[in-house]
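The block underneath contains the structure these notes are about, expressed in structure tokens.
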Amino acid sequence: MASKQASIEAGIGGEERVAEVLRKYSFSFDTHIFHDLSPTSDFQIDTFTLSPWFGAVLEVKNIGGTLEFKDNPPQLIRTREDGHKDGFDSPVVQLERNYELLSDWLRSRNITIPLYGAVVLAFPKQIVAVPPKKTKILFPNLIPSYLENIPRQKQKVDLDTFHWLSTELINSHQMYIPKPICETYHIPFSDFKPGVRCLLCGRSGMVKLPRTWVCPFCNAKDHLAHERTLREWFLIHKRSITNRECREFLGVEDIHTAIRILKSMDMRFEGNFKDRTYFMFE
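First residue of the sequence shown: 1, per our numbering; consecutive thereafter.
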């Protein structure tokens, strides 16, 4: 039976390689494939494969270097070519969390199907020195054979339910907004240096001029530098900002300049002039 694919593809970076492999492969059974799927705003699945027999969750990682998967505590250690080591959250934990949240979502619709999953390393330059003990590690070209070999002795849902469930997944898809970095990794906001960074030379401290920003180090100009910097605020710290916080983070002194900047970004706000709070784009 020909493969059928339904995909939600938005902002796929390193996962393009995975999507390309799956687009080119013709499965021997009905399968719908979703990329960057968020059935709720609480989680996002890099790639999800649904069939009448099973669902498969794929967690895609683009971290280069030599990788070691640790179990106690769960962590991914990357060793660069120069010997420097970096620690990351374990993709195995992320995969298991997505299992649980997706299972809850399916149960809320009275659907029970077995879920399988694997961590996918997007590029062969990623070398696994110590693999996880229980979780499958794949490169993109191995995904089709992995899915083909998942047991299909008994169909778990009929074809009508299968197509209904695929439509339900698409209709339930929401924008996924990750928690701010400070909250996720328990990093003090004071560890981050304020100021508007110059894209040309990489230094912080661009100065606000009428209708633009200028870098005092390389004289580069950027009339949208404040937008980029405020988006970083929401990514790093929290999902709201006041005029005072805006001035401190951007390095501007005039309250009216900050008002014009915040209003120009068309954000939702609450409160009066003095105590107004602006909220991240929705």
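Where is the CB? At the ideal position from N, CA and C, for every residue including glycine.
For clarity, every value in this text was computed on a predicted model and none was experimentally measured.
Mind the definition here: the segment 107-122 touches the segment 149-168 only if three or more C-beta pairs lie below 8 Å; say whether that holds.
-> yes
Based on Cα-Cα distance, which residue from F234, I236 and D254 lies nearest to N243?
-> D254
DSSP state of I241 mapped onto helix, strand, coil = strand
Count the C-beta pairs between the segment 19-36 and the segment 133-147 that are closer than 8 Å, then say yes if the count reaches three, no if not.
-> yes
Length-filtered (3 minimum) beta strand (DSSP E) runs lying within the segment 76-147 = 85-88, 115-121, 126-130 and 136-138
Inter-residue Cα distance where the pair is F217 and R211 = 19 Å
Inter-stretch contact at 8 Å, needing at least 3 Cβ pairs: the segment 123-142 / the segment 35-47 = no
Please name the residue, chosen from K85, L250, A19 and I187, that lies closest to L224 on a Cα-to-Cα basis.
-> L250
Rounded straight-line distance, which links the Cα of A19 to that of N171 | 21 Å
Counting only runs that start and end within the segment 175-247, where is the alpha helix (DSSP H) found for 4 or more residues in a row?
-> 181-185 and 225-236
Tell me the DSSP bridge mates of T66?
-> T79 and I127
Alpha carbon of S41 to alpha carbon of Q174, nearest angstrom = 6 Å
Buried or exposed: which applies to S207, given that a residue is buried once 16 or more other Cβ atoms fall within 10 Å of its Cβ?
-> Note on identity: in this sequence residue 207 is Val, with Ser being the wrong assignment. Exposed: under 16 other Cβ atoms inside 10 Å.
Considering only residues of the same chain and omitting the five flanking positions on each side of T277, which have a CB-CB separation below 6 Å?
-> S240, T242, E270 and G271
Quick one: grab the DSSP three-state call for H35.
-> strand
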